[in-house]
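Trainee:
Residue numbers (my numbering): 7 to 89.
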């Protein structure tokens, strides 16, 4: 539910600045969403098992976004890559 409230406030088209909650810095994301990357087909370079990927999208109060892709081994061998 909180996700919908934040998204509706970010979609404000009146041109008004979105007030930040008390104690929140302007450079902190107001919404962080993690999506699975379903069309990622690769293998772990360490053990050869299929790798998995997810994308982390951070949305800021000014509407800007950043995105990171995280790739990990599908088994617990410990391999991972962020980029």
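Cβ atoms here follow ideal geometry from the backbone N, Cα and C, with glycine treated the same way.
Roughly how many angstroms separate the alpha carbons of residue 69 and residue 34, rounded to a whole number?
Mentor: As a working note, residue 69 is residue 63 in the chain shown. As a working note, residue 34 is residue 28 in the chain shown. Looking at the two C-alpha atoms, the distance is approximately 12 Å.
Trainee: Quick check on DSSP: helix, strand or coil for residue 60?
Mentor: Position 54 of the chain shown holds residue 60. If DSSP states are grouped into helix, strand and coil, residue 60 belongs with the strands.
Trainee: Can you tell me the Cα-Cα spacing of residue 84 and residue 43, whole angstroms?
Mentor: Counting from one through the chain shown, the residue named residue 84 turns up at place 78. Counting from one through the chain shown, the residue named residue 43 turns up at place 37. Spanning the two alpha carbons is a distance of roughly 19 Å.
Trainee: Enumerate in chain order the residues of its own chain whose CB-to-CB distance from residue 10 is below 7 Å, with the five nearest sequence positions on each side excluded.
Mentor: Here the question's residue 10 lines up with position 4 in the chain shown. In this prediction, residue 10 has a pLDDT of 46, which is less than 50 and means its spatial position is unreliable; what the coordinates show is noted afterwards. So the list is empty, once near-sequence residues are dropped.
Trainee: In terms of alpha-carbon separation, which member of 36, 28 and 29 lies closest to residue 72?
Mentor: Along the chain shown, read from residue 1 onward, the residue named residue 72 stands at position 66. Nearest C-alpha to residue 72: 36.
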